[in-house]
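The next block holds one structure in the form of structure tokens; read it before the comments.
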Amino acid sequence: MSRNASLALAIGIMLAAGYAVFAAKGWQWKAALFPLAIGIPLFCLAAVEVLWTFADKKAPEEPAQKGVALPWAWMLAFLAIIVLLGFPVAVALFVLVYLKLQAKESWLFSIVFTAAIWAAFYGLFDLLLHLPFPAGWLLEWLGLA
Amino acid sequence: MLEALWEGLLLVLQWKAFGFMLLGVGLGFWVGLLPGLGGATTLALMLPFIYTMQPVEAFAFLLGMHAVVATTGDITSVLFGVPGEATSAATVVDGYAMTKKGEAGRALGAALASSLVGAIVGAVALAAAIPIVRPLVLTFGSPELFMLAIVGLAFIASLSAQGTRGMLRGFLAGGLGLLLATVGQDPQAGVARFTFDTLYLWQGLDLVPVLVGIFAIPEIIDLFVRGNSIGGNAPPGNVAKGAWEGVKDTYRHFWLTIRCSLIGTFIGVMPGLGGSVAQWMAYGHAVQSAKTPEEREQFGRGDVRGVLGPGAANNSKEGGSLIPTIAFGVPGSTAMAILLGGFLLLGLVPGPDMLTKHLAVTYSMVWTIVLANVITVAVCFLFLDRMASVTEVKGHRLIPAILVLVFIGSYTSNSHYGDLLVTLVFGGVGYLMVRAGWPRSPFVLGLVLGKIAENYLYISVARYEAAWLTRPVVLVLIAVAVAVILYPFFQAYRSRSRV
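So the protein sequences, as listed, match chains A and B. Sequential numbering from 1 applies to the first sequence in my numbering. Sequential numbering from 146 applies to the second sequence in my numbering.
Written out as structure tokens, the structure reads:
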């Protein structure tokens, strides 16, 4: 178990609870009741956890997991192309590029797998369920949507 | 009454009603498998199609669809660690851990068999409870419902991690969930709380993007870093045999399955609490069934009881939530509120008429829940080998497909890009929680219960001031919450004194 991760969570909760209590002070009691009822004990518990972590120096620190940045980069890239190009284009582009560059699959497999996933996405969510997927900011800006 | 029960069965077995039920089951099967696309959303999407149907056909279609969503939602939870439904999140904790140990077949078998038991218990409860449920529901006012929510949170926070430190972290996670539930426009005073001037946050944090992020993203990162299949290097084993083992587990822990089914039914009956609460309460109860702290440590690492409890409660809650919907027109959940819309579209008025004039229609609903689940479980067992073989596919081939599901699943909940950002942010929180060994279940329960608890607390304080704390049922529930918190200490003390 990672001591640093635990500390980050506890400090994050402390800050969030502290902010919640601070913000709630300016609201009507109806709106402030619950955030105060939760925020004050939560702040205290988080402070206990932080102090406990600092005091407990014997706890072994688990080595940091390697290669974590790369999956985050892929996910952020996927998010960016969804926003810019819209789901229909982004799904096909992301799957194909991921299979070729990251998974190092053959062209044939990558194209067939991408086509299958895109067909499932389009058939199910667009044709069958008629869910609205906007075209993406870039395509709209270029007038291609 | 028996005559009406028999008549209800015959009504469902009419070819047209049965055909609509199969259609509903088919739709529900896929909706359950797909993360994010919830049963309630699909019910709402299908509501316009029932205009031309007879009541029995319409309910066979709608309930057939809704009754199996939780069953197949468990499959996605077990195989990919992505909750197929918000109500299947608890199954991820031990179900996916079993898959990683190469026990996907056993986990699926246990999830399916317990789902079937749960559905039957829920349906039986619906059939039996209608005449006696009215006084029970009326006993619970806002103070009692608030305390019930607190008991649920105490249950899961104290039981999902080990020792005093684990309990502290459980309460921190639960408290964070409760606090985040306050994001958005406050229902009482209309104050925009913690919205940072963004319109997206006015309606609060939607459960689906948060759930998908907190459970699926850490698993995707883990799969990416490990670089092998979901099953890892664990031997795949014989899936069919494993599934049979899962079925036997259901009967090995039969009373646990029944108790969790009853918990699900009870939570289902309580208006406003819903299936997301039922599964975690049942999970908490399953953890509590461990006799020693060592045994309890296995939960979260692939204990089959952690699959059986939520699996049973998930399905039994449907029968439970139908009880107040049919008897009093008080929907027990969002899905039931939509179903209530179906009643009105068909010209049926929930209440005494449903228990007298339309009793056969009411019983046809009971049969629909049972038949739909029997059919689904049978179909799932037929294709179990193919489903479980997905866990042996190379991780790098699965990751893009899972990511597409994750992103579409979160986006479809509100059709807003903000959902995707929320998924990634809570993916980060989930990843930190996994690394730090913090339990994720109290966080989810806190988030689910937050709005409900706030509403009940506000009504309690506004109506009774501090006197709500002295109501008899509230006092009993406070005692239960304290007992639940102290129980792990008592258990640890007892096992120490045995040594």
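Don't be surprised by glycine CBs; every beta carbon is placed ideally from N, CA and C. Everything numeric in this text was worked out from a predicted model, so none of it was measured.
- Scanning its chain for C-beta atoms nearer than 7 Å, with the 5 sequence neighbours on each side dropped, one finds around residue 561 of chain B the residues 345, in chain order.
- Among the residues facing chain A, residue 221 of chain B is not included, as its CB has no counterpart in that chain under 8 Å away.
- Interface annotation, residue 370 of chain B: in contact with chain A, CB-CB separation under 8 Å.
- Across the structure, residue 161 of chain B and residue 130 of chain A are spaced so that their CA atoms are roughly 26 Å apart.
- Chain A has a Cβ within less than 8 Å of the Cβ of residue 336 of chain B.
- Sequence-ordered contacts of the region 338-351 of chain B with chain A read 338 and 339 [C-beta pairs closer than 9 Å].
- Neighbourhood of residue 45 of chain A in chain B, by CB distance below 7 Å: 313, 316, 317 and 320, in chain order.
- Taking a Cβ-Cβ cut-off of 9 Å, the neighbours of residue 602 of chain B in chain A comprise 33, 34 and 37, given in sequence order.
- For a Cβ distance threshold of 8 Å, nothing in chain A lies close to residue 228 of chain B: the least Cβ distance comes to about 18 Å.
- When secondary structure is reduced to three states using DSSP, residue 322 of chain B falls in the helix class.
- In this structure, B/357 is the residue among B/461, B/623 and B/357 with its C-alpha nearest to the C-alpha of residue 549 of chain B.
- Residue environment analysis places residue 58 of chain A among the exposed positions, since fewer than 16 neighbouring C-beta atoms fall within 10 angstroms of its C-beta.
- Between the region 359-374 of chain B and the region 66-84 of chain A, the count of C-beta pairs closer than 8 Å reaches three or more; the two stretches touch.
- If you draw a straight line from the Cα of residue 552 of chain B to the Cα of residue 233 of chain B, it comes to about 18 Å.
- The continuous alpha helix (DSSP H) containing residue 54 of chain A extends over residues 29-55.
- Of the residues assessed, residue 508 of chain B falls on the buried side of the cut-off, its CB having 16 or more other CB atoms within 10 angstroms.
- Residues of the region 80-100 of chain A with a C-beta less than 8 Å from any C-beta of chain B: 82, 83, 87, 91, 94, 95, 98 and 99, listed in chain order.
- Contact between the region 430-443 of chain B and the region 196-211 of chain B is absent, with fewer than three C-beta pairs closer than 8 Å.
- Chain-order list of chain B residues neighbouring residue 111 of chain A: empty, with the shortest C-beta distance near 13 Å, by a criterion of under 9 Å.
- By the beta-carbon neighbour count (other beta carbons within 10 angstroms, threshold 16), residue 595 of chain B is buried.
- Any Cβ of chain A closer than 8 Å to the Cβ of residue 532 of chain B would place that residue at the interface, and such an atom is absent.
- Residue burial annotation: residue 164 of chain B is exposed, with fewer than 16 other C-beta atoms found within 10 angstroms of its C-beta.
- Of the other Cβ atoms in all chains shown, fewer than 16 fall within 10 Å of the Cβ of residue 277 of chain B; this residue is therefore exposed.
- Look at the region 500-556 of chain B and you find these whole runs of alpha helix (DSSP H), each 4 residues long or longer: 504-527 and 529-534.
- DSSP places residue 213 of chain B in the uninterrupted alpha helix (DSSP H) bounded by 200-225.
- A distance of 8 Å or more separates the beta carbons of residue 564 of chain B and residue 342 of chain B.
- Around residue 67 of chain A, the beta-carbon contacts reaching into chain B at under 8 Å are 369 and 370.
- Within chain B, 580 and 581 have C-beta atoms less than 7 Å from the C-beta of residue 2 of chain A, given in sequence order.
- The region 246-260 of chain B and the region 391-402 of chain B touch, with three or more beta-carbon pairs separated by less than 8 Å.
- Against residue 501 of chain B, chain A offers no close residue; the least beta-carbon distance is about 39 Å (beta-carbon pairs closer than 7 Å).
- Residues 136 and 137 of the same chain have their beta carbon placed closer than 8 Å to that of residue 83 of chain A, with the five preceding and five following residues left out of the count.
- According to the DSSP assignment, residue 595 of chain B belongs to the alpha helix (DSSP H) that extends over 586-609.
- If you draw a 10 Å sphere on the C-beta of residue 627 of chain B, you find fewer than 16 other C-beta atoms in it, and that means exposed.
- 8 Å or more divides the Cβ of residue 10 of chain A from the Cβ of residue 68 of chain A.
- Ranking B/624, B/493 and B/518 by CA distance to the CA of residue 166 of chain B puts B/518 first.
- Taking C-beta atoms under 8 Å as the contact rule, residue 451 of chain B and residue 621 of chain B fail to qualify, at a distance of about 28 Å.
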